[in-house]
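*Asks:* Below is the structure I would like to discuss, written out as structure tokens.
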Amino acid sequence: FFPIVFLQGITGRLFREFSIVIAGAVIISSFVALTLTPMLSSRILQKRTGQHNRLYTATEPFFVWLVRTYKNALSSFLRRRRIYTPLIMIVTLVLIAVLWLNLPSEMAPLEDRGQLNVNSTAPEGATYEYTLRYSDELSQFMLEDVPEIESLFQIVGLWNNNAASHRLTLSDARGRSRSQQEIADDLGEKVRAFTGARTFVTQQQTFGGRRGGLPVQYVIQAQNLNKLKEYLPRFMEELDKSERFQNYDVDLKFTKPEIRVNIDRQKASLLGVSVRDIAQTLQLSLSGQRLAYYIMNGKQYYIIGELERSDRDKPSDITSVYVRSRTGQLIQLDNLVTIEESSTPPQLYRYNRFVAATVSAGLSRGNTIADGIEEMDRIAASVLDDTFSTSLTGDSRDFVESTSSLLFAFGLALLLIYLVLAAQFESFRDPLIIMFTVPLALVGALLSLWYFGQSLNIFSQIGIIMLIGLVSKNGILLVEFANQRKAAGLNSYDAIVDAAGARFRPILMTSLSTILGILPMALAWGAGSESRVSMGIAVVGGLTVALVFTLFVIPAMYIYISDDKKYVTNVG
115 FFPIVFLQGI TGRLFREFSI VIAGAVIISS FVALTLTPML SSRILQKRTG QHNRLYTATE
175 PFFVWLVRTY KNALSSFLRR RRIYTPLIMI VTLVLIAVLW LNLPSEMAPL EDRGQLNVNS
235 TAPEGATYEY TLRYSDELSQ FMLEDVPEIE SLFQIVGLWN NNAASHRLTL SDARGRSRSQ
295 QEIADDLGEK VRAFTGARTF VTQQQTFGGR RGGLPVQYVI QAQNLNKLKE YLPRFMEELD
355 KSERFQNYDV DLKFTKPEIR VNIDRQKASL LGVSVRDIAQ TLQLSLSGQR LAYYIMNGKQ
415 YYIIGELERS DRDKPSDITS VYVRSRTGQL IQLDNLVTIE ESSTPPQLYR YNRFVAATVS
475 AGLSRGNTIA DGIEEMDRIA ASVLDDTFST SLTGDSRDFV ESTSSLLFAF GLALLLIYLV
535 LAAQFESFRD PLIIMFTVPL ALVGALLSLW YFGQSLNIFS QIGIIMLIGL VSKNGILLVE
595 FANQRKAAGL NSYDAIVDAA GARFRPILMT SLSTILGILP MALAWGAGSE SRVSMGIAVV
655 GGLTVALVFT LFVIPAMYIY ISDDKKYVTN VG
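Quick note on this note's numbering: the sequence shown kicks off at 115 and runs consecutively.
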């Protein structure tokens, strides 16, 4: 757990306290086991002089049979260890590679929190009244169509006149027949029939959830705005064809109407009209200008001069405006300017000093954030040329960073455990034998996640890191006792067989107690249980598979690696 303390980003903030608590509990329990437990045992435990109790009498024959069966199976396995051991390790490594590459990956499982967000964007330039009318119609439809809604909160025009947002609070998960995911999928299909605005449904992420709750955020950077304006529509067209995304949006929209006034400077100069005169005349005519104050009944009012609305309704009205030349002559702008209608972004964005657009997308059912990033990379490779660069931001960047941090923590945990064991056994070989339990636990965790339809996320990966310390205990028990038997004069084969039989019960008891202790986490239900379930399944599955195979593989590896001539190799 020590490496988890040094994780950066959101993973470090989330699990730092968790790792400190677990590490502290292990240290205190070790102290108690070495001090308080022996004292209590000397006081409480008594030497048995009579018969055992009924429970012991009823269960002991079963455990005797179990130990005998295990010894027979181990002997059979060790006679064919040159076949079975390499086969198990090869299959283990292949399964780890296949499952790791093919299991769905995401930041965290989507939890049923009983909340949905419905965001709408009307066409650019839409009035507040239009957006309000559309939003009211949509609210009425959702209240009638989704019986699970307990409350609906509507916001219109908060950040833009053409934007509206609805927050739906659903009834408790235990009291409804449909999950949050099913409601979101069904509602998302139905709101597409509302053509007055672009509307999509999002679910609140377990954590993060920036940019309206859309998990995939992909930044496209260009050298200039014209290049971005040319290629961005093609990118969005390919995005629309993809089945991995349920909805999408982009922050850079070339949809704001704009009228470009082109001045014939040469003609204006000949007629004695300056560019400044034309600009001031247009500003006064179209935008208005404060000319003076008017005071009435002790109150001051602005006097603003501008054209009548009927004289400035159409773009062509611009050319009907007159401007005064230096000679005092009125000249119609139709003789000096031409107008051009175009569109422009309401706001420009930059990323790493480049003009940029951030494409955000919501995932369709069955797809994870890793699938979304992979699809974005594929579209970028097919649409954009070499002058573009791409980056991740928001939840997507957090996902990639957390994955890298957890892999680093996994490797650091392996290294620290190996060094500690090397110091404990005064050998480089014995820790290597014990570390063979790790791939066995890892394949068990990945198989469990695959079988139960879980994903690789930060919770399941933390569970995998926990497995390194949990499964190493079984190998330590076997190797330590086998070394003691070798010190008594036995060879490696006899020592490990004797150790396996003697330590079978302690290994079985410690493993089963840990598995049963974590099993409620794997069986959790209710709101917010999705994260706990993935961690619990990874730990329980890894411990179960490691328990079975460790009892056979570790003895075989001990025979291969351990040294009969010198059972302890001095370090340094």
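Note that the Cβ used here is the ideal one computed from N, Cα and C, for glycine as well.
Since we're looking at a predicted model, the values are computed, not measured.
Which residue comes first and which comes last in the alpha helix (DSSP H) that contains T551?
*Replies:* T551 -> alpha helix (DSSP H) spans T551 to Y565.
*Asks:* To the nearest whole angstrom, what separates the beta carbons of R645 and P237, a pair I think is in contact under 8 angstroms?
*Replies:* Before going on, a small fix: residue 645 reads as Ser here, not Arg. Wrong, their Cβ atoms sit about 40 angstroms apart, outside the cutoff.
*Asks:* Return the first residue and the last residue of the alpha helix (DSSP H) that E594 is part of.
*Replies:* I572 to A601 is the extent of the alpha helix (DSSP H) around E594.
*Asks:* Assuming I582 contacts V552 under a Cβ cut-off of 8 angstroms, what Cβ separation, rounded to an integer in Å, is found between them?
*Replies:* Yes, they are in contact, since the Cβ atoms of I582 and V552 sit about 6 angstroms apart, within 8 angstroms.
*Asks:* Quick one: residues in its chain with C-beta nearer than 8 angstroms to the C-beta of V389, no 5 flanking neighbours on either side, listed in chain order?
*Replies:* Around V389: I377, R379 and A382.
*Asks:* Can you tell me where the beta strand (DSSP E) with S265 in it begins and where it stops?
*Replies:* From DSSP, the beta strand (DSSP E) with S265 extends over I263 to V270.
*Asks:* Could you check the C-alpha separation between Q394 and V364 for me, to the nearest Å?
*Replies:* Those two C-alpha atoms are separated by around 36 angstroms.
*Asks:* Between the alpha carbons of I118 and A523, how many angstroms are there, rounded?
*Replies:* Answer to the nearest angstrom: the Cα atoms are 6 angstroms apart.
*Asks:* Applying the criterion that 16 or more other CB atoms from any shown protein chain within 10 Å of the CB defines a buried residue, is F542 buried or exposed?
*Replies:* Answer is exposed; the Cβ neighbour count stays below 16.
*Asks:* Measuring only the C-alpha atoms, how far is L169 from I141?
*Replies:* Rounded to whole angstroms, L169 to I141 spans 34 angstroms at the Cα level.
*Asks:* Under DSSP, the beta strand (DSSP E) around D84 begins and ends at which residues?
*Replies:* Shown here, the chain extends from 115 to 686; a query on residue 84 therefore has no answer.
*Asks:* M635: which of G577, N233 and T171 sits nearest, CA to CA?
*Replies:* The shortest Cα separation from M635 among G577, N233 and T171 belongs to G577.
*Asks:* Assuming the contact rule is C-beta atoms closer than 8 angstroms, V497 and N338 should be a hit. Round their C-beta distance to whole Å, please.
*Replies:* Not quite, the Cβ-Cβ distance comes to about 17 angstroms (not below 8 angstroms), so this is no contact.
*Asks:* Let me know the secondary structure DSSP gives V653 once reduced to three states.
*Replies:* Helix at V653.
*Asks:* Within 10 Å of its beta-carbon, does T245 have 16 or more other beta-carbons around it, so buried, or fewer, so exposed?
*Replies:* T245 comes out buried.
*Asks:* Going by CA-CA distance only, name the one from V611, M623 and I675 that's closest to S189.
*Replies:* Checked all of V611, M623 and I675; the closest Cα to S189 is V611.
*Asks:* Could you tell me whether the region 346-364 touches the region 420-438, where touching means 3 or more Cβ pairs closer than 8 angstroms?
*Replies:* The region 346-364, when compared against the region 420-438, does not touch it at the 8 angstroms Cβ threshold.
*Asks:* For Y465 versus V333, is the C-beta distance shorter than 7 angstroms?
*Replies:* Yes, the Cβ-Cβ distance between Y465 and V333 is below 7 angstroms.
*Asks:* Which ranges would you report for the alpha helix (DSSP H) in the region 186-216 if only whole runs of at least 4 residues count?
*Replies:* The qualifying runs are 195-216.
*Asks:* Taking the alpha carbon of R292 as the reference point, which residue from R227, S253 and P329 has its own alpha carbon closest?
*Replies:* Ranking R227, S253 and P329 by Cα distance to R292 puts R227 first.
*Asks:* Would you tell me roughly how many angstroms separate the C-alpha atoms of D286 and I483, rounded to the nearest one?
*Replies:* Going from the Cα of D286 to the Cα of I483 covers about 27 angstroms.
*Asks:* Using three-state DSSP, classify N276 as helix, strand or coil.
*Replies:* Correct three-state label for N276: coil.
*Asks:* Rounded to whole angstroms, how far is the Cβ of Q360 from the Cβ of L477, which I believe are closer than 8 angstroms?
*Replies:* That pair is a contact at about 6 angstroms.
*Asks:* Considering only their Cβ atoms, is the gap separating Q331 from T472 smaller than 7 angstroms?
*Replies:* Yes, they are a contact pair.
*Asks:* Taking 7 angstroms as the CB-CB limit, is E296 close to chain B?
*Replies:* No chain B is present in this structure, which holds just one protein chain.
*Asks:* Taking 8 angstroms as the threshold, find out whether the region 565-573 comes into contact with the region 589-601 through three or more Cβ pairs.
*Replies:* With the cut-off at 8 angstroms, the region 565-573 and the region 589-601 do not touch.
*Asks:* Straight-line CA distance for I134 to A187?
*Replies:* The alpha-carbon atoms of I134 and A187 are separated by roughly 41 angstroms.
*Asks:* For V696, tell me which candidate among G615, L192 and E540 has the shortest Cα-Cα distance.
*Replies:* The structure shown does not extend to residue 696, since the chain spans only 115 to 686, so no value can be given for it.
*Asks:* Skipping 5 residues on each side, what residues in its chain have a beta carbon closer than 8 angstroms to that of F129?
*Replies:* Cβ neighbours of F129 beyond the five flanking positions: I118, L121, I572 and I576.
*Asks:* How would you call S424, buried or exposed, if buried means at least 16 neighbouring beta carbons within 10 angstroms?
*Replies:* Exposed.
*Asks:* For D608, which option in N167, H166, L159 and K185 has the closest C-alpha, if you only look at C-alpha atoms?
*Replies:* That would be K185, whose Cα lies nearest to the Cα of D608.
*Asks:* Taking its Cβ as the centre, do 16 or more other Cβ atoms sit within 10 Å of A475, making it buried, or is it exposed?
*Replies:* So A475 ends up on the buried side.
*Asks:* Give the single residue among M580, R617, I675 and R619 whose Cα lies nearest to the Cα of L657.
*Replies:* Comparing Cα-Cα distances from L657 to each of M580, R617, I675 and R619, the minimum goes to M580.
*Asks:* Report the option in S143, V270 and E264 whose CA atom is closest to the CA atom of Y248.
*Replies:* Comparing Cα positions, the closest option is V270.
*Asks:* Indicate whether A596 and R195 have their beta-carbon atoms separated by less than 7 angstroms.
*Replies:* Cβ distance not < 7 angstroms, so A596 and R195 don't count as in contact.
*Asks:* Do you know offhand how far A406's Cα is from I453's?
*Replies:* Roughly 31 angstroms separates the two Cα atoms.
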